[in-house]
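A.B. asks:
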Amino acid sequence: MEPTDLALLTEPVLGIETSCDETSAAVLLGSTPASNVVSSQVEMHEQWGGIVPEAAARAHVEAILPVVEEALQRAGIGLDAVRAVAVTNRPGLVGALSVGVTAAKALAFAWNLPMVGVHHLEGHILSTFLEGCSGGPPGFPHLCLVVSGGHTETVLVERQGAYRIVGQTLDDAAGEAFDKAARLLGLGYPGGRAIQESAINGDPNRYPLPRALPKDPCNFSFSGLKTAVLRLVEREGDRLDLPDAAASIQEAIIEALATKAVAAAEEADGVQALSLVGGVAANRRLRERLRVECSRAGLAFHTPPAEFCTDNAAMIALAGSWRLHAGQRSGFDLDVFPNAPLDAKRA
Ligand code: KG4
Ligand code: ZN
Numbered sequence: 007m008e009p010t011d012l013a014l015l016t017e018p019v020l021g022i023e024t025s026c027d028e029t030s031a032a033v034l035l036g037s038t039p040a041s042n043v044v045s046s047q048v049e050m051h052e053q054w055g056g057i058v059p060e061a062a063a064r065a066h067v068e069a070i071l072p073v074v075e076e077a078l079q080r081a082g083i084g085l086d087a088v089r090a091v092a093v094t095n096r097p098g099l100v101g102a103l104s105v106g107v108t109a110a111k112a113l114a115f116a117w118n119l120p121m122v123g124v125h126h127l128e129g130h131i132l133s134t135f136l137e138g139c140s141g142g143p144p145g146f147p148h149l150c151l152v153v154s155g156g157h158t159e160t161v162l163v164e165r166q167g168a169y170r171i172v173g174q175t176l177d178d179a180a181g182e183a184f185d186k187a188a189r190l191l192g193l194g195y196p197g198g199r200a201i202q203e204s205a206i207n208g209d210p211n212r213y214p215l216p217r218a219l220p221k222d223p224c225n226f227s228f229s230g231l232k233t234a235v236l237r238l239v240e241r242e243g244d245r246l247d248l249p250d251a252a253a254s255i256q257e258a259i260i261e262a263l264a265t266k267a268v269a270a271a272e273e274a275d276g277v278q279a280l281s282l283v284g285g286v287a288a289n290r291r292l293r294e295r296l297r298v299e300c301s302r303a304g305l306a307f308h309t310p311p312a313e314f315c316t317d318n319a320a321m322i323a324l325a326g327s328w329r330l331h332a333g334q335r336s337g338f339d340l341d342v343f344p345n346a347p348l349d350a351k352r353a
């Protein structure tokens, strides 16, 4: 394996992330987050049981300047010390993305700073290069399991900027599966953490649930699980044991993710490391399971602290930092894209 070689700017980079329901700003020094402020809209969206795009955009407008100010304050610097701006411009909710991109343009214009648009998934994929990642930064190539509310993918990371999707979900993302199951159990939104907490004293073998696509070694599917949970809830009614149901659901999702990710890493040429990123990577059981399975398979295991698994601007600053270091710049015509393949040239 090649030694890790991710050249980054050493001077302060301001990162901005508003692609979904978190308004986040961070100051990055090299690979060290000097601050990472996240203002969550979870409580607001909880009342509707999911994200309302219009409401999300409005909330970003209200939060963005205070969040940027707090990120600078916590880092102990003023705007005059910032040397570059990195902002998520794809994929995500268009209204939400526009708030972050507009703020980034305004700051870049006012302070004459270079700016770069970042793909949200590249931010997640490179989050293992942030200082403090468990296992340290992974070498290249490595296999990355990206699991979030919108994505479930195994990605071969050949080097920074060179990503090949090996497997993906055919329907729901893993985070969506957690969120939908939690709603069926009446556990609220977002569901991943709620299921994790409820499952602590539960028996994962109590309710047998289907494992996704056992015959397809690469891809994932969680719609069958959702239907099975619905049937379980209808069948058991008031008798349903909540911790046991939560533990059984968590186990079904985790088993599919862990088994296929390790298999993909073992299959891929030259890969000796597996990384786990994205909001679902905050799941303690999944982290533990992959740690054990990687060690059994002779793979190094890398995962960022939970704070940098869920959406955050530090990972966007890092992904932007190497691109800026490599000389890439976005103009003031930087656009936002609701959908964007990982390899599209849209910075
Ligand atoms: O990466 P992220 O913050 O946003 C997206 O880009 O989608 O991921 C959010 C997802 C939600 O579906 C949430 O339920 C899930 O991550 N999540 C978890 C945990 N914490 C957040 N899932 C399982 N266990 C957790 N502890
Ligand atoms: Zn995300």
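Residue numbers (this note's numbering): 7 to 353. Using N, Cα and C, we set each Cβ at its ideal position, and we do this for glycine too.
Compare the Cα-Cα distances from LEU280 to each of ALA87, SER227, ILE57, ILE131 and report the closest residue.
C.D. replies: Checked all of ALA87, SER227, ILE57, ILE131; the closest Cα to LEU280 is ILE131.
A.B. asks: Which class does ARG80 belong to by DSSP, given the choice of helix, strand or coil?
C.D. replies: If DSSP states are grouped into helix, strand and coil, ARG80 belongs with the helices.
A.B. asks: Flag CYS26 as yes when its Cβ comes closer than 7 Å to any non-hydrogen atom of ligand 1, and as no otherwise.
C.D. replies: Checking the Cβ of CYS26 against ligand 1 gives yes.
A.B. asks: Nearest to SER25 by alpha carbon, out of PRO59, ASN211, HIS331, GLY192?
C.D. replies: Checking every option, the nearest Cα to that of SER25 belongs to PRO59.
A.B. asks: Do the stretch 295-308 and the stretch 108-117 make contact, defined as three or more Cβ pairs closer than 8 Å?
C.D. replies: No: the two stretches stay apart, fewer than three of their Cβ pairs being nearer than 8 Å.
A.B. asks: Should the stretch 256-264 be regarded as contacting the stretch 286-295, the criterion being three or more beta carbon pairs within less than 8 Å?
C.D. replies: Yes: at least three Cβ pairs fall under 8 Å.
A.B. asks: Might you give, ordered along the chain, the residues of its own chain that have their beta carbon closer than 7 Å to the beta carbon of LEU163, omitting 5 neighbours on each side?
C.D. replies: Here residue 163 is Val; the residue named in the question, Leu, does not match the sequence. Result list for VAL163: ILE131, PHE146, PRO147, HIS148, CYS150, TYR169, in chain order.
A.B. asks: In its own chain, which residues sit with a C-beta less than 6 Å from the C-beta of GLN6, not counting the 5 before and 5 after it?
C.D. replies: This structure does not reach residue 6, given that the chain is present from 7 up to 353, and the question cannot be answered.
A.B. asks: Does the beta carbon of SER154 fall short of 7 Å from some heavy atom of ligand 3?
C.D. replies: Ligand 3 is not among the ligands present in this structure, which contains only ligand 1 and ligand 2.
A.B. asks: Do ALA234 and PHE226 have their beta-carbon atoms positioned less than 8 Å apart in this structure?
C.D. replies: Result no, Cβ atoms of PHE226 and ALA234 do not sit closer than 8 Å.
A.B. asks: Identify the residues that DSSP records as bridge partners of GLN256: which are they?
C.D. replies: DSSP lists no partner for GLN256.
A.B. asks: Ordered along the chain, which non-local residues of its own chain (more than five positions away) have a Cβ less than 6 Å from that of ALA325?
C.D. replies: These residues qualify, in order along the chain: VAL124, GLU128, GLY129, LEU132.
A.B. asks: Taking the alpha carbon of ASN211 as the reference point, which residue from GLU272, ALA252, GLN202 has its own alpha carbon closest?
C.D. replies: Taking only the C-alpha atoms, the option nearest ASN211 is ALA252.
A.B. asks: Any heavy atom of ligand 2 closer than 7 Å to the CB of HIS130?
C.D. replies: Yes, Cβ of HIS130 sits closer than 7 Å to a heavy atom of ligand 2.
A.B. asks: Do you know offhand how far VAL239's Cα is from SER41's?
C.D. replies: For VAL239 and SER41, the distance between alpha carbons rounds to 43 Å.
A.B. asks: For the alpha helix (DSSP H) holding THR94, just list the boundary residues, first then last.
C.D. replies: Run containing THR94: none in the alpha helix (DSSP H); it sits in the beta strand (DSSP E), 90-96.
A.B. asks: Can you give me the Cβ contacts of SER30 inside the same chain, cut-off strictly under 6 Å, excluding the 5 residues immediately before and after it?
C.D. replies: Excluding positions up to five away in sequence, the list reads GLU23, VAL44, ASN318, ALA319.
A.B. asks: Might you give, ordered along the chain, the residues of its own chain that have their beta carbon closer than 8 Å to the beta carbon of GLU182, omitting 5 neighbours on each side?
C.D. replies: Same-chain partners within the cutoff: GLY155, GLY156, PHE228.
A.B. asks: On the DSSP bridge assignment, give the partners of SER327 in chain order.
C.D. replies: SER327 is not bridged to any residue.
A.B. asks: Using the Cα positions of ALA332 and ARG64, report the straight-line distance between them to the nearest angstrom.
C.D. replies: About 35 Å.
A.B. asks: I think ARG254 touches TYR195, with their Cβ atoms under 8 Å apart; what is that distance to the nearest whole Å?
C.D. replies: In the sequence as presented, Arg is not what sits at residue 254; that position holds Ser. That pair is no contact at about 20 Å.
A.B. asks: Residues in the same chain with beta-carbon distance under 6 Å from ALA271, minus the five sequence neighbours each way, listed in chain order, please.
C.D. replies: LEU149, VAL277, LEU280, LEU305.
A.B. asks: Which residues bound the beta strand (DSSP E) around PHE146?
C.D. replies: Segment: none, PHE146 is in no beta strand (DSSP E) and carries neither H nor E.
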